[in-house]
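The structure under discussion appears below in the form of structure tokens.
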Amino acid sequence: MTAYSILDLAPILRGGDAGQALRNSLDLARHAEQWGYTRYWVAEHHNMPGVASAATSVVIGHIAAGTQRIRVGSGGVMLPNHAPLVIAEQFGTLAALFPDRIDLGLGRAPGTDMETARALRRDLNSNAMEFPRDVAELQGYLDDPSPDQRVRAVPGAGSKVPLWLLGSSLFSARLAARMGLPFAFASHFAPESLEEALHVYRTHFQPSEQLDKPYAAAGVSVFAADTDEEGAFLATSMQQQFVNLRRGRPGPLPPPVENMDEVWSPMEAHGVRQAMKYAMIGSPDTVMAGLREFRDRTNVDELIITGGIFDHDKRLRSFDIAARLCRDL
Numbered sequence: 001m002t003a004y005s006i007l008d009l010a011p012i013l014r015g016g017d018a019g020q021a022l023r024n025s026l027d028l029a030r031h032a033e034q035w036g037y038t039r040y041w042v043a044e045h046h047n048m049p050g051v052a053s054a055a056t057s058v059v060i061g062h063i064a065a066g067t068q069r070i071r072v073g074s075g076g077v078m079l080p081n082h083a084p085l086v087i088a089e090q091f092g093t094l095a096a097l098f099p100d101r102i103d104l105g106l107g108r109a110p111g112t113d114m115e116t117a118r119a120l121r122r123d124l125n126s127n128a129m130e131f132p133r134d135v136a137e138l139q140g141y142l143d144d145p146s147p148d149q150r151v152r153a154v155p156g157a158g159s160k161v162p163l164w165l166l167g168s169s170l171f172s173a174r175l176a177a178r179m180g181l182p183f184a185f186a187s188h189f190a191p192e193s194l195e196e197a198l199h200v201y202r203t204h205f206q207p208s209e210q211l212d213k214p215y216a217a218a219g220v221s222v223f224a225a226d227t228d229e230e231g232a233f234l235a236t237s238m239q240q241q242f243v244n245l246r247r248g249r250p251g252p253l254p255p256p257v258e259n260m261d262e263v264w265s266p267m268e269a270h271g272v273r274q275a276m277k278y279a280m281i282g283s284p285d286t287v288m289a290g291l292r293e294f295r296d297r298t299n300v301d302e303l304i305i306t307g308g309i310f311d312h313d314k315r316l317r318s319f320d321i322a323a324r325l326c327r328d329l
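In UniProt numbering, the protein residues as written are 1 to 329.
Printed below as a string of structure tokens:
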């Protein structure tokens with residue numbers, strides 16, 4: 001059976017606040033644990049009025065403390081924003097508090113705009129080769145320390161927190177293959193290179209201490225409801241958020257609307273539909289057909305399911321339907 005997990009951006013709702021978003025995330029995680037989801041991912045984004053998971057390790061602690069068994073991880077931590085030692089200490093602490101339940105997914109994008117990235121990092125004079133070095137440095141801090149190692153992550157050293165590489169291009173696919181790490185592709189918003197990236201990863205994979213064969217995951221958006229019409233209505237919240245982001249006006253997740261043609265231009269509609277190519281929208285039968293086609297096309301080991309739904313009860317309902325469908329894939 002294909003594993004299935006949740007990616008949660010801890011959406012801040014229009015008219016709501018971050019506290020409500022994080023309470024909703026914990027409630028969803030508790031349900032997800034009962035529904036059989038393998039993992040609960042939270043992502044690092046900054047200067048985004050609609051996302052409450054910027055302090056990703058703190059949110060992971062919140063979710064893990066309120067659940068019992070489900071794995072909780074970062075999907076992902078944007079490593080260029082941080083010193084590898086700091087991330088090793090944060091996730092080493094999480095692993096000490098919640099043994100065998102923490103995953104550390106890493107990305108090389110800033111997770112924000114350039115001005116905010118400058119505020120985070122202070123120095124943007126970096127190049128692509130620093131990311132592989134930073135991943136290797138972080139991995140070293142989490143591995144068993146050598147006797148002469150002068151700098152150690154405490155907690156963290158010897159924890160061997162599982163690392164993942166995340167991406168939407170071939171760069172991270174190649175690096176994950178070379179380092180023998182699991183790989184997750186962000187096809188829920190950047191679908192273009194999905195199949196090529198999976199091919200590169202599987203073809204060039206080299207076994208490692210962590211992983212002896214390729215393990216690939218990919219993101220899909222699910223807006224499941226009792227009918228196709230209701231699913232399409234729920235999906236308009238995320239469609240509006242995509243439009244607002246592309247207009248340079250990011251904001252809280254808006255309530256759904258009856259007619260998106262009153263919101264977006266034809267060009268914007270085309271762009272959003274391209275970005276949401278792998279969105280499964282509609283009744284259980286419609287969503288199941290989409291999930292099966294995606295699974296058969298990609299042969300991924302794990303589906304990462306996301307979905308920005310405004311009404312929390314309907315959000316729970318959508319992830320419940322998705323879980324039941326994934327069990328039958």
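Even glycine gets a Cβ: it sits at the ideal position worked out from N, Cα and C.
### Query
Among the residues of its own chain, which have a CB less than 6 Å from the CB of Thr116, if the five just before and after it don't count?
His46 and Asn47
### Message
As an exercise, report each continuous alpha helix (DSSP H) stretch of at least 4 residues that is fully enclosed by the segment 141-227, in chain order.
### Response
170-179 and 194-204
### From Val135, Gly290 and Ala32, residue whose alpha carbon lies closest to that of Leu181
Val135
### Message
Threshold first: 3 residues or longer. Then list the beta strand (DSSP E) segments lying entirely within the segment 6-70, N to C.
### Response
39-42
### Query
Rounded C-beta distance between Arg202 and Ala184? I'm assuming under 8 Å.
About 14 Å separates the two Cβ atoms, so there is no contact after all.
#### Entry: Cβ-Cβ distance between Ala3 and Asp311 below 8 Å
no
### Cut-off 7 Å between Cβ atoms - residues of its own chain near Gly36, not counting five sequence neighbours on either side
Ala323 and Arg327
### Message
Spatial neighbours of Ser25 within its chain, please: C-beta separation below 6 Å, excluding the five flanking residues on both sides.
### Response
Asp8 and Ala10
#### Entry: Distance, Gln90 Cα to Ala96 Cα
10 Å
### Message
Let me check one thing: in DSSP terms, what residues is Asp103 bridge-paired to?
### Response
Gly73
### Task
Tell me, please, whether the segment 199-214 touches the segment 223-242 by the rule of three or more beta-carbon pairs shorter than 8 Å.
no
### Query
Lys314 to Asp27, Cα distance in whole Å?
13 Å
### Query
Taking just the CA atoms, how far does Val200 sit from Arg174?
6 Å
### Identity of the residue in Gly158, Leu163 and Leu138 nearest Pro147 by Cα
Gly158
### Message
Here's the rule: buried if 16 or more other CB atoms are within 10 angstroms of the residue's CB, otherwise exposed. What is Ala83?
### Response
exposed
### Task
Could you name the residues of the same chain whose beta carbon sits closer than 7 Å to that of residue 359, not counting the 5 residues immediately before and after it, in chain order?
Residue 359 is absent from the model: the chain starts at 1 and stops at 329.
### Glu137 versus Asp226 - alpha carbon distance
48 Å
### Message
Let me check understanding here. Comparing Cα to Cα, which of Ile305, Arg297, Pro132 and Gly16 lies closest to Leu194?
### Response
Arg297
#### Entry: Whole-angstrom C-beta distance between Val263 and Val272, which should lie under 8 Å
No, Val272 and Val263 are not in contact; Cβ-Cβ is about 10 Å, not under 8 Å.
### Task
State the start and end residues of the unbroken alpha helix (DSSP H) segment that holds Leu329.
Element bounds for Leu329: n/a, residue is neither H nor E.
### Task
Verify the contact flag: Gly140, CB atom, against every heavy atom of the ligand NAD, threshold strictly below 7 Å.
Annotation note on the ligand NAD: not contained in the displayed structure, which lists no ligands.
### Message
Could you compute how far the alpha carbon of Gln274 sits from the alpha carbon of Pro191?
### Response
8 Å
### Task
Run the CB neighbour count on Ser318, radius 10 Å, all protein chains shown included, and call it buried at 16 or more, exposed below.
buried
### Query
So what does DSSP say about Thr306, is it helix, strand or coil?
strand
### Task
Classify Met238 as helix, strand or coil using the three-state DSSP reduction.
helix
### Query
Apart from the five residues just before and just after Pro155, which ones in its own chain have a Cβ nearer than 8 Å to its Cβ?
Glu89, Gly92, Thr93, Ala95 and Ala96
### Query
Taking C-beta to C-beta, are Ser221 and Gly307 nearer than 8 Å?
yes
### Span separating the alpha-carbon of Arg295 from that of Gly66
31 Å
### Whether Gly73 touches Gly105 by CB criterion (8 Å)
yes
### Query
Which of helix, strand or coil does DSSP assign to Ala83?
coil
### Message
Strictly by DSSP, which residues pair up with Met280?
### Response
Val222
### Task
Quick one: give me the first and last residue of the alpha helix (DSSP H) that Val300 is part of.
Taken as a continuous stretch (DSSP letters only), Val300 belongs to no alpha helix (DSSP H), as it is neither H nor E.
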